[in-house]
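Asks: All residue numbers for the sequence shown refer to numbering that gives the first Met the number 0, where the first residue is 0 and numbers rise by one.
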Amino acid sequence: MQQDILINWSPQETRVAVIEYGALQELQVERSLESGLVGNVYLGKVVRVLPGMQSAFIDIGLEKAAFLHVADLMSSINSRHADQDAASAPLKPIEKQVFEGQSLMLQVLKDPIGTKGARLTAQISIAGRLLVFLPQDNHIGVSQKIPPNQREVLRQRVQTLAGELGGGFILRTNAEEASDSELAEDIAYLRKTWTRIKQASLRLPPASVLHQDLNLLQRVLRDMVVEGTQTIRIDSREQFEKLTSFATEFMPSTLPKLQLYAGERPIFDLFNIDEDIAKALGRRVDLKSGGYLIIDQTEALTTVDVNTGGFVGARNFDETIYKTNLEASQAIARQLRLRNLGGIVIVDFIDMLKENHRDAVLAEFKKQLARDRIKTSANGFSALGLLEMTRKRTRESLAQQLCEPCQACLGKGVVKTARSVSYDILREILREARQFNPREFRVIACPKVIEIFLDEESQHLAGLSEFIGKPISLQAEASMAQEQYDIVLL
């Protein structure tokens, strides 16, 4: 895999684009006023315990209270590990573990999304370059991406280097080729960070930040650089120097890949990235063959509908459907990464009669999902021909980051017709006339609704005026949305 990383930096916003074979595959955006919280450690204060939901709401200094489930409490996990039949051992009720007003050291698992507050855990983990430190555990784990025949050797090396000072570690994928000195440096850095967190928890008041995860620029070097990464280009000299300094200290292997971009064209124009971002905010995604996808995101799940569109290039109808679904499987996996769509995803591929076609499409889809850095899980086709999958959701999607609900339709995607609004107004005038006795009713609405009253609905308006015995005047207001109106009593 050939990969390039482009970083567009400005004082208010950092944008990172991952390019593979000339095409945008992933985009991350971090704004100075809206930086993500995942990985941050807080001293939280319990504000409410909900026994019925086995959860608690925690004040960590944000606008919305954060959410802690009983399964994410460290004491519950430890009690289950101590039980021989851990899988069936009941969790200790949350009301017997925490109480209102209690201070707890907690870490953010998921950013606030929509109306939901941040998701918290009491199981602290601190990510380094090669290792993840688990200060409340003693387990040494190894990434599943490291070959099985190397895991035990790596586990023993880390066990020896960690000594008897306590704490557990998980070896990240890039620790496979690390030397003992590099591992020892990472262990020392992580333990020093944990010491600072503990000291801060003793002197700071509740709802304080004890530790902040790396910013997006630093996380690029820690999390996004892979063996196939050829270049990391950034268009800010100041940030290039900071990133070089950070890489020199923590990730020297990434130094040869770092480049300062000094071209006249904006760095994102090199691969038409802004155009791809605009397309990623729309419902429709056109395929090269002439087919297209329709992607709809709701709070609970995302649906993807595959259509043949104008594709008629194959020899027969079955082949046309098969080719379209194969191309769609690649496009859907890319769109999931690009739009950062998480949670439940339902894919409605075009119905295939041949079982070998369904198997081939499913295999291709899973192959494309395997390239994702985020954990995904795809099942087979259901009885209705739908493919169900999940993708771990840790932060807002691209649309949630960059967009807000339309003020005209309030996020519904549709508005009432001008005629429907005019009938609402007629009913409202009749309702008001039964309660009040004004000299006149004045209707203030958008020009399109007023035009309906002056033309097609003029007879009904005149009839209502005669029925209630009051004059009805009209006033067009261009700033009003189609569903907005006011009825003024004069």
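Ideal Cβ placement from N, Cα and C applies to all residues, glycine included.
1) Under 8 Å, do L61 and P111 count as touching if we go by C-beta distance?
2) Any idea which residues DSSP pairs N7 with across the strands?
3) Our contact map puts G227 next to Q1 with C-beta atoms below 8 Å; I'd like the distance itself, whole angstroms only.
4) On the premise that I451 lies in contact with R426, defined as a C-beta separation below 8 Å, what is that separation, rounded to the nearest angstrom?
5) Going by the CB atoms, is the gap between C445 and Q481 shorter than 8 Å?
6) Scan the stretch 214-293 and note each continuous alpha helix (DSSP H) run of 4 residues or more that stays entirely inside, going in chain order.
7) Kindly list the residues whose CB is nearer than 6 Å to the CB of T326, restricted to its own chain and excluding five residues on each side of it in sequence; keep chain order.
8) Note down the Cα distance separating S124 from L108, rounded to an integer number of angstroms.
9) When you compare only the Cα positions, how much space is there between V518 and A299?
10) Report the CB separation of V448 from V420 in whole angstroms; it is logged as a contact under 8 Å.
11) For V346 and R372, what's the separation of their Cα atoms in angstroms?
12) Just how far apart, CA to CA, sit I400 and T297?
13) Buried or exposed: which applies to E403, given that a residue is buried once 16 or more other Cβ atoms fall within 10 Å of its Cβ?
14) I'd like to know if the stretch 248-257 and the stretch 23-30 are in contact, where contact means that at least 3 CB-CB pairs between them fall below 8 Å.
15) Within the stretch 327-362, note down every full beta strand (DSSP E) run reaching 3 residues or more, in order along the chain.
16) In whole angstroms, give me the CA-to-CA distance for F380 and D350.
17) Using the rule of at least 16 other Cβ atoms within 10 Å of the residue's Cβ for burial, across every protein chain shown, is M52 buried or exposed?
18) Measuring alpha carbon to alpha carbon, tell me which residue in D136, K115 and M223 is nearest I497.
19) Do the stretch 235-243 and the stretch 148-160 make contact, defined as three or more Cβ pairs closer than 8 Å?
20) How far does the beta strand (DSSP E) with G167 in it reach, from first residue to last?
21) Return the residue from the list L220, P50 and N214 that minimises the CA-CA distance to E248.
22) Which whole-angstrom value describes the C-beta separation of Q106 and V40, a residue pair presumed to lie in contact below a C-beta threshold of 8 Å?
23) Does DSSP put H80 in a helix, a strand or coil?
24) Closer than 8 Å is the cut-off here; do at least three beta carbon pairs connect the stretch 454-464 with the stretch 377-397?
25) For the alpha helix (DSSP H) containing H138, list its first residue and its last residue.
26) What are the complete beta strand (DSSP E) segments, minimum 3 residues, inside the stretch 79-129?
27) How would you label T159, buried or exposed, when you count the other beta carbons within 10 angstroms and need 16 or more for buried?
28) From the DSSP output, read off the bridge partner residues of M388.
29) Can you check which of these residues, N339, R338, R357 and Q483, is closest to C408 by C-alpha distance?
Replies: Once the coordinates are examined:
1) yes
2) R14
3) 6 Å
4) 15 Å between Cβ atoms; not a contact.
5) yes
6) 215-218, 236-249 and 272-279
7) A quick correction: the sequence has Glu, not Thr, at residue 326. Answer for E326: L286 and S288, listed in chain order.
8) 10 Å
9) The structure shown does not extend to residue 518, since the chain is modelled only from 0 through 489, so no value can be given for it.
10) 5 Å
11) 20 Å
12) Just to set this straight, residue 400 is Gln in the shown sequence, not Ile. Answer to the nearest angstrom: the Cα atoms are 14 Å apart.
13) exposed
14) no
15) 342-347
16) 10 Å
17) exposed
18) This structure cannot settle anything about residue 497, because the visible part of the chain is limited to 0 through 489.
19) no
20) G167 to L170
21) L220
22) 5 Å
23) Residue placement at H80 is flagged as unreliable, the pLDDT there being 44, under the threshold of 50; the coordinate-derived value follows with that caveat. H80 falls in the helix class under three-state DSSP.
24) no
25) Note, H138: premise wrong, no alpha helix (DSSP H); not H, not E.
26) 102-109 and 118-120
27) exposed
28) V344 and A377
29) Q483
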